Amino acid sequence: DVILVTIDTLRADALGFRGNTRVRTPFLDSLAARGTVFTHAHAHNVVTLPSHTNILTGLYPWQHGVRDNAGFTLDAKHLTIAARLREAGFATGAFVSAFPLDSRYGLDRGFDVYDDSYPTTTNALDFAVQERPGSETLQHAAAWWQSNAGRKRFLFVHLYEPHAPYLPPPPFREEYRNDLYLGEVAAADAMLARTLGPILEASPHALVILTGDHGEALGDHGEKTHGLFAYESTLAVPLIVVDASQKAGVDDRYVRHIDIAPTILARLGIAAPAEWKGASLFAQGERGYTYFESLSASLNRGWAPLVGAIEGGRKLIELPIPELYDLPSDPKEQHNRFSDERRSVTALRARLRADAPTQTAARQNVGSEEQATLLSLGYLSGTSSKTSYTAADDPKNLVDLDNELHEAIAAYQAGDLSRALQRAKALVAARPDMEIAQEMLAFFLSQNERPDEAIHVLERRVETGRANDATRIRLGLLLSETGRAREAIALLQPFADRTDPDLLNAYGIALADSGDVPGAVRQFERILS
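Here our numbering is used: the first residue of the sequence shown is 110, the next is one more, and so on.
Structure below.
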């Protein structure tokens, strides 16, 4: 049996076994005592969907092409670890807790069961539509596990605690009222103890791998949550592997998420694909080089793309204002050594150029419902067509603006649409050239039942020649929703060969409103297929 558990937004230093004395994580501490703790493990992305794609495919993001939480779908040619294990006779089940891992993004391939059944509702502000408690996810997982007793099983479980907003259940809310993030960490530990604990007692020889998809900044380097920078607070992750054939202990080598899938195949005696660049976590020798990126701000806002590499404890962050850190002596990344260690910079840059040929990505349209769902979870999903950058586009110079964007999102998450709209208007007034601010303003106007004003914002972008395909599609969706069928058809028809369900639905409604009922039916049939 193989069990893979990911805990969303879990800092490497937020656990008892990693020395945190302010949190109680007895179950994870006991798991760490039984297994191998990798103290220098890194993700390759700092947002949920691409990070999980790395884990489940064994590929770097530039290999599989999924670079952000929206606008990307895993190509069917890239097999998941579940598909490989199903070929080997395993029952395969996945149980995920939040929308960024929705089956629409392609990670369900290879799983007999892919349970992403968080509650559905038509109210965009009902947060149950985006996530479900980890306890509920684990109950479904345990039922599947028992129903497949007697077979070889691969179980993947994803918990969304401790993702923001931090709302731990009782009694953790009161106990950790001064640090609600740690309250959610403690709550996740208790959930796992209740459900995963009995499973492991009954299956003592199961291979168990537990990690985080990324961390949480909590104010480090000025960042409140995650998705902007790739400092250690968001790039470093906890990693425990319990393997009955290995001695328990601590491994301080630099290891990576792409080493997880090879570890599973090696344990089962299955050959790893040639395109995998990772190696079993228990293979001898150093892992050496690893690639990482943070492209959300570039894709969504037009800021400079962040890519980097780690090798031998040196960490290079490539931006208009580049950075180099010596992680063993400077774990909090306070002293930029870029100007002092040109030899290290040259070597790491050569690795980046040779091994990661593309730092940009072409995203698909982000539908209106998808945008609303991601925004309520704290994720921006805008569009940008910018291709050249200066120091003014470096996210280090824009972190205050990032926090302002997240203040607007926080207002939306709290259901205060009026305050969210006010903040969006202030952002547009301060940065009229920032496309994401314009799109956020249009979105909040539509959510405030002011669709005509939202349409005006997007039409102005089209008229001034600053609208890309995604903006035209969003305008078409709004026009369709407000009954302006002919205008909607004119905007949406050029994109009708795509497979985005929100786009096809809006196009079908516009066709029906214009009298083309057979054409509308064809679009709805495409969605169902």
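We put the CB at the ideal spot given by N, CA and C, even for glycine.
The structure displayed is predicted, hence computed values, not measured ones.
Query	Result
Best match in Ser438, Gly292, Phe204 for proximity to Ala276 [C-alpha to C-alpha]	Reading the sequence as shown, one finds Leu at residue 276 and not Ala. When only C-alpha atoms are compared, the closest one is Gly292.
6 angstroms Cβ shell around Leu337 - same chain, five flanking residues per side excluded	Ala406, Pro504, Asp511
Local Cβ density within 10 Å of Gly647, reported as buried at 16 or more and exposed below that	Residue 647 falls outside the range modelled here, since the chain spans only 110 to 638, and no answer is possible.
Reference Ser312, options Ser403, Leu612, Ala533, Val351, closest by Cα	Val351
His304 versus Ala375, Val114, Ala121, Gly592, residue with shortest Cα-Cα distance	In the sequence under discussion, the amino acid at residue 304 is Thr, which differs from the His named in the question. The shortest C-alpha separation from Thr304 is found at Val114.
Of the residues Val266, Leu588, Leu289, His272, the one placed nearest Pro280, counting alpha carbons only	Leu289
Same chain, Cβ closer than 7 angstroms to Arg635, five either side skipped, listed in chain order	Leu613
Beta-ladder partner(s) of Phe401, from DSSP	Gly417
Beta-bridge pairing of Ala150 - partner residues as DSSP gives them	Val346, Val364
Closest by C-alpha distance to Leu327, when choosing among Thr118, Leu601, Arg528	Thr118
CB contact flag (Val537, Ala529, <9 angstroms)	no
8 angstroms Cβ shell around Ala576 - same chain, five flanking residues per side excluded	Leu567, Arg570, Leu584
Three-state class that DSSP yields for Thr118 in the structure shown	coil
Among Glu240, Asp502, Tyr223, Arg193, nearest to Asn208 - alpha-carbon criterion	Reading off the sequence shown, one finds Phe at residue 208, where the question assumed Asn. Nearest option by C-alpha distance: Glu240.
Residues sharing a beta bridge with Val317, DSSP	Ile112, Val351
Local conformation of Thr455 per DSSP, three classes	helix
In chain order, each alpha helix (DSSP H) run of at least 4 residues that lies wholly inside the region 552-582	560-572
Close Cβ partners of Ser589 (< 8 angstroms) along its chain, the five nearest in sequence each way excluded	Ala597, Leu601, Ala615, Tyr616, Ile618, Ala619, Asp622
Ranges of the alpha helix (DSSP H) found wholly within the region 187-216, counting only runs of at least 4	190-196
Where Glu240 sits in the DSSP three-state scheme	strand
Residue span of the beta strand (DSSP E) that contains Phe263, given as start and end	262-268
First through last residue of the alpha helix (DSSP H) which encompasses Arg131	Unbroken run through Arg131: none, as it is neither H nor E.
Exposure of Thr201, with buried meaning 16 or more beta-carbon neighbours within 10 Å	buried
Residue interval of the beta strand (DSSP E) (run including Tyr434)	432-435
Cβ distance (whole Å) where Gln556 is taken to contact Leu514 below 8 angstroms	Between Leu514 and Gln556 the Cβ distance is about 16 angstroms, and since that is not below 8 angstroms, they are no contact.
Per-residue burial, Asp502 [other beta carbons within 10 Å of its own, 16 or more giving buried]	buried
Helix, strand or coil at Lys424 [DSSP, three-state]	strand
Nearest-angstrom Cα separation, counted from Asp611 out to Thr231	Because Thr231 carries a pLDDT of 39, less than 50, the predicted location of this residue cannot be relied on, and no value is offered for it.
Between the CA atoms of Gln531 and Thr399 - distance to the nearest angstrom	42 angstroms
Residue(s) in a DSSP beta bridge with Gly358	Thr145
Gln522 to Arg218 span [Cα, whole Å]	31 angstroms
Environment of Gly144 [buried if 16+ CB atoms lie within 10 Å]	buried
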